[in-house]
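J.:
In our numbering, the protein residues as written are -7 to 288.
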C-alpha cells in the first residue's frame, strides 16, 4: 500500500502497470464509493499487481461467489466446478469453501469506464468493467466506409456520417419492417435502434454478376445476449421480374474491428435483373431482438 494521500470526496486506486510511470490518461481509476464513514477517512492506494483481482486459472476478474481451498488459494466459481475438490496450486484434496473476505474486497473496488473521456460516467465493480465496455453507449467503433480510417464513439457517430460522408442513419424499430434504398454507388447503410447500430453492406460479386447483401451488428463478437435475427427481401415490383423477389432470414453477426465488418456467413445474392433500371436495389428489412432462451 502506498502513502496516504487525502482526496476531496472518495478514495482512488490507480493501477501500477509494468511501466512505473504510465500516462495519466491511460491510468485505470478505481474508487471506493461507499465506505460508510465520513470523508476524512478516505485514502488513496496503489495496487502493484492487479492480477490478484483475477482468477489464477481463467484470468478473468474474480466476482462472487469466490472459493478457496483450506490453504487459502482462491478461484472463481466457474473454475471451481471443474477442480473436483483438488486445489490447482497446492494440489491438495482439501475441499473448497466460500472466501467471503475476497468477495467483499472485489465488490468494494469500483472503477470508471475507460470511455470516460468520451462521456461515459458509469462507475461499477471492477469485475463488471469488461462486460460494460462491450455494450457501453460510448463504445468506439471504426467507420464502416472502406476509405475512412477514423473511429468514433456511438455518441458522435451520426455527426461523423453527416459531416464527413454526407450520409445519414436510418432509424428503425425492432420487429417492424422498413424500406432501404441502396443506390448503385452505395456500399453500406447504417441502421440504428436506440441501443445498437447495424450495418447493411452491399458487396459487388463481380465474377458472379451478383450483389451480396448482409447485416452485421456493431458490438463485441463474443457477446451471447441479446441475439438478433433479420429478414431482408427485395422489392418485387421491378420491371421484367415484377412479382418475383428474393428473401433471406439469418442471425445477425457481430463486429467491431475494421476488416471484420463485412465478414458474414450468409448473404442475400441479388442478380442485376432484380435491380431498378438505374442500378438501385430496394429492400425491405426487419430486425428482431431476442434472448438466448428464445432460440432454444
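Note that the Cβ used here is the ideal one computed from N, Cα and C, for glycine as well.
(1) Let me know the beta strand (DSSP E) ranges lying completely inside the region 51 to 131, each 3 residues or longer, listed in chain order.
(2) Are residue 192 and residue 164 close, meaning C-beta to C-beta below 8 angstroms?
(3) Taking 8 angstroms as the cut-off, decide whether the C-beta atoms of residue 244 and residue 278 are in contact.
(4) Could you give the DSSP three-state label for residue 278: helix, strand or coil?
(5) Looking at the secondary structure, which residues open and close the beta strand (DSSP E) in which residue 204 lies?
(6) Would you kindly report the start and end of the unbroken beta strand (DSSP E) that includes residue 226?
(7) Count the other CB atoms within 10 Å of the CB of residue 190; is the residue buried (16 or more) or exposed (fewer)?
(8) Count the CB pairs spanning the region 63 to 79 and the region 97 to 106 that are closer than 8 angstroms, and state whether there are at least three.
(9) Going by C-alpha to C-alpha distance, which of 119, 186, 50 and 157 sits closest to residue 136?
(10) Looking at the secondary structure, which residues open and close the beta strand (DSSP E) in which residue 245 lies?
(11) Using beta-carbon positions only, say whether residue 91 and residue 71 come within less than 8 angstroms of one another.
(12) Who are the Cβ neighbours of residue 282 in its own chain at under 8 angstroms, not counting the five residues just before and after it?
T.: Concretely, from the data shown:
(1) 58 to 61, 66 to 68, 88 to 90, 102 to 104 and 115 to 117
(2) no
(3) no
(4) strand
(5) 202 to 210
(6) 219 to 226
(7) buried
(8) no
(9) 157
(10) 245 to 247
(11) no
(12) 218, 219, 220 and 221
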